[in-house]
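Chains as they are written, first to last, in our numbering: chain H, 57 to 422; chain D, 218 to 637.
Structure record follows, encoded as structure tokens.
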């Protein structure tokens with residue numbers, strides 16, 4: 057560790073310092089602010105040039121760590137660096153841009169039904185978590201915050217669903233969760249419209265449907281928890297020096313990757329009950345949670361199209377260029393079984409859009 | 218690589234250090250005020266530049282370690298040299314910055330070029346003399362404190378005993394002695410046995426300015442814990458726990474994310490702490506744990522844009538906050554190169570902009586205003602036109618005078634109070 061280089065001393069003031077070239081404004085700029093001795097602030101109404109919106113940021117080739125920190129974050133992620141106002145047309149050529157449009161819709165529209173808002177947020181969270189999982193070193197702080205948000209939404213959904221069987225037969229919407237300010241009339245409009253159709257069609261066989269619905273929810277909750285757990289476990293493995301075997305115990309309930317994909321699809325299915333019925337038609341209704349634990353997840357869901365929520369939707373497949381760690385190797389093992397159904401997928405974007413439109417239609421009940 | 222990542226005045230305010238994303242530290246020094254030009258008060262000029270950290274590769278985990286300087290903290294001056302701590306994600310370094318304006322001349326065994334002389338040619342002995350030379354500022358690394366953090370270091374803080382300091386990462390806080398680089402004490406560890414249960418991380422930590430046994434650390438859940446190192450070796454049990462009950466009317470999906478504290482600072486008096494979360498700055502009295510004594514809205518107009526800000530990751534931006542020398546004014550940054558100051562006594566606040574477009578040298582900064590809805594006045598900016606890539610995360614305030622340093626991405630602005 058030799059002596060550091062000496063540079064930029066007082067005697068070298070005449071030579072351009074590295075800062076001056078990059079536009080440092082040093083000294084000389086003065087301000088006046090409200091203070092006991094100061095002149096007080098005046099709102100000057102002279103013309104001030106509003107900075108013109110900058111050009112669209114270039115989309116970087118790879119995500120990398122830059123996506124997480126620093127000023128490169130928003131530029132690297134999406135084009136929604138500016139708040140996009142209503143009526144702004146954009147080419148829907150990218151899944152990310154679509155999400156940006158949805159999030160602007162979330163912010164600007166008050167009439168968006170609460171469950172849809174919640175689903176939007178949940179999708180965004182899960183998308184982010186999946187993206188972070190692909191990074192070699194995910195940001196622990198952000199992952200924890202997002203995982204907490206997912207858990208919160210999941211808990212709320214669970215409570216809601218546990219109330220639903222009671223209320224649905226009366227056609228009354230369940231009580232709005234603890235988010236005041238939400239337009240409750242919106243909820244009563246939309247929730248029963250999605251579910252009451254099912255109920256009214258098969259109110260005779262409600263007893264058979266209830267367990268299905270509950271089992272769906274229970275399954276997705278457990279899978280969601282295991283998804284979050286797996287993300288945090290992977291983080292632990294990535295970061296800490298503990299031996300891998302202790303972190304991924306052999307007695308783990310489900311392999312990490314596949315339930316995550318399938319639970320995302322299950323989440324989607326919950327909104328589309330008809331589709332869900334078909335998926336779980338072959339199940340024995342008795343106790344699906346333990347049923348799942350006994351089986352290998354890959355086999356059951358092999359024919360489900362998880363293309364929308366595959367984690368490689370925006371970048372080359374999961375084969376990381378870096379030497380794989382044990383966690384990554386496990387990932388590679390479980391993924392092929394899930395991806396087999398989606399190998400025929402053409403650009404994800406277009407199928408995503410049509411699926412999103414489809415979901416929105418169902419939710420809005422149009 | 219030129220994005221400024223930290224700004225810090227030293228204890229006298231004579232020096233201002235900045236760290237950037239490329240691992241470099243640039244130190245500015247204030248010009249001595251000259252009697253010839255009394256109206257031109259000391260300006261800051263570059264004093265020293267050195268490469269503090271280099272990018273590294275952790276071969277064991279196949280991870281790159283960024284060279285970005287996360288924090289710089291000065292040590293109080295005890296001799297002619299200046300000492301500062303600089304840290305990246307994993308390693309803390311103690312740097313000594315010293316001046317040299319004399320050099321010895323007249324060696325016996327070497328000639329002026331440094332070449333060795335033939336001993337048989339030497340016929341007389343002389344004593345080398347010190348002759349003045351052009352001022353040279355040298356930075357040398359004196360200590361390297363490495364391999365103590367599994368997670369990313371977010372804070373360092375020098376203790377008031379000037380013998381120890383602490384470094385905090387997402388889950389642990391370590392206590393170091395300046396003289397010992399191969400050992401550190403772990404004083405806080407919030408890592409759960411089962412990582413699946415992790416719901417909270419450490420976001421910032423600081424020592425009390427006068428009590429060397431006391432420190433605080435903030436969390437991602439919006440809480441602050443004050444710990445006393447006299448209580449036990451491992452300060453997992455806090456002495457005080459500061460948390461404000463949630464406001465149910467402001468509840469949203471993003472409530473937890475925006476409550477995450479990005480910075481915590483003791484006041485100079487040591488009586489208060491200030492915390493910054495995404496939308497507000499709060500001042501807490503150390504004697505009252507159940508709520509802050511003051512809350513200031515930094516950019517509440519963003520509350521209705523949280524989903525978009527979440528989508529583009531801006532909601533995770535970590536803004537810092539600073540006190541002025543007398544603890545009467547607090548300052549923090551915002552977007553669009555705006556920064557805000559709040560006067561705690563008069564309860565007035567101002568929004569200013571750090572940009573060269575809108576301010577010429579020596580011009581008075583005009584207060585800015587963001588209009589939320591409805592009619593926009595001539596000089597106001599609407600929320601939708603704010604540039605969210607221009608964020609002011611790092612600011613610093615001179616310890617005794619009204620001089621502030623504001624880092625706007627890769628530009629540094631220094632503003633002084635106008636004196637009539």
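Where is the CB? At the ideal position from N, CA and C, for every residue including glycine.
Predicted model, so just to flag it, every value in this text is computed and none were measured.
The secondary-structure analysis by DSSP pairs residue 433 of chain D across a beta bridge with D/423, D/443. For residue 174 of chain H, the uninterrupted alpha helix (DSSP H) run begins and ends at 170-190, by DSSP. With respect to the 8 angstroms criterion, residue 185 of chain H and residue 418 of chain D are not classified as neighbours on the basis of their beta carbons. DSSP places residue 465 of chain D within a helical segment (H, G or I) once states are collapsed to three. Proximity of the segment 276-293 of chain D to the segment 225-240 of chain D meets the contact definition, three or more beta-carbon pairs being nearer than 8 angstroms. Annotation for residue 627 of chain D: 219, 220, 221, 237 place their beta carbon closer than 8 angstroms to its own, counting only its chain and skipping 5 residues before and after. Nearest Cα to residue 456 of chain D within the set D/503, D/479, D/498: D/503. Boundaries of the alpha helix (DSSP H) harbouring residue 524 of chain D: 523-528, taken from the DSSP string. Burial state of residue 629 of chain D is buried, judged by a 10 Å Cβ sphere holding 16 or more other Cβ atoms. Taking a cut-off of 8 angstroms for Cβ pairs, the segment 608-625 of chain D and the segment 544-554 of chain D touch, as three or more such pairs fall below it. The alpha-carbon of residue 433 of chain D is positioned some 6 angstroms away from that of residue 424 of chain D.
DSSP, reduced to helix, strand and coil, places residue 416 of chain H within a helical segment of the structure shown. Residues of the segment 501-529 of chain D with a C-beta atom less than 8 angstroms from some C-beta of chain H are 521, 522, 523, 524, 525, 527, 528, 529, listed in chain order. Taking the Cα of residue 207 of chain H as reference, the smallest distance to any Cα among D/413, D/344, D/351 is reached at D/413.
Contact between the segment 593-600 of chain D and the segment 524-542 of chain D is not established, with fewer than three Cβ pairs separated by less than 8 angstroms. Distance from the CA of residue 387 of chain D to the CA of residue 404 of chain D, rounded to the nearest whole angstrom, comes to 13 angstroms. Judged by beta-carbon spacing, residue 349 of chain D lies within the 8 angstroms limit of residue 319 of chain D, meaning their Cβ atoms are closer than that value.
Close CB contacts of residue 619 of chain D within its chain, under the 6 angstroms cut and outside five residues either way in sequence, are with 634 (chain order). Taking C-beta separations shorter than 7 angstroms and ignoring five residues to either side along the sequence, the partners of residue 435 of chain D in its chain run 420, 421, 441, 478, 481, 492, following chain order. The DSSP-derived three-state label of residue 450 of chain D is coil. Residue 326 of chain D and residue 301 of chain D have their C-alpha atoms some 36 angstroms from each other. Any Cβ of chain H closer than 8 angstroms to the Cβ of residue 311 of chain D would place that residue at the interface, and such an atom is absent.
Bounds of any beta strand (DSSP E) do not take in residue 475 of chain D; it lies within the alpha helix (DSSP H) bounded by 472-476. Counting along the chain, the unbroken beta strand (DSSP E) around residue 385 of chain D starts and ends at 381-385. Residue 306 of chain D counts as buried, since at least 16 other C-beta atoms from the protein chains shown sit within 10 angstroms of its C-beta. DSSP, read as helix, strand or coil, puts residue 402 of chain D in strand. Residue 611 of chain D is bridged by DSSP to D/624. Cβ proximity to chain D below 7 angstroms picks out 192, 193, 196, 197, 198, 200, 201, 204 from the segment 182-204 of chain H. Going by C-alpha positions, residue 494 of chain D is about 23 angstroms away from residue 188 of chain H. Shown here for residue 631 of chain D: same chain residues with a beta carbon closer than 6 angstroms to its own, the five before and five after excluded, namely 261, 622 in chain order. Residue contact check for residue 470 of chain D against chain H: a CB pair falls below 8 angstroms. Between the alpha carbons of residue 444 of chain D and residue 352 of chain D lies a distance of about 45 angstroms. Under the three-state reduction of DSSP, residue 204 of chain H is assigned to helix. Collapsing the DSSP output to three states places residue 341 of chain D in coil. One thing to note: residue 613 of chain D has its Cβ no nearer than 8 angstroms to the Cβ of residue 245 of chain D. Following the DSSP letters along the chain, one finds residue 350 of chain D inside the beta strand (DSSP E) bounded by residues 346-362.
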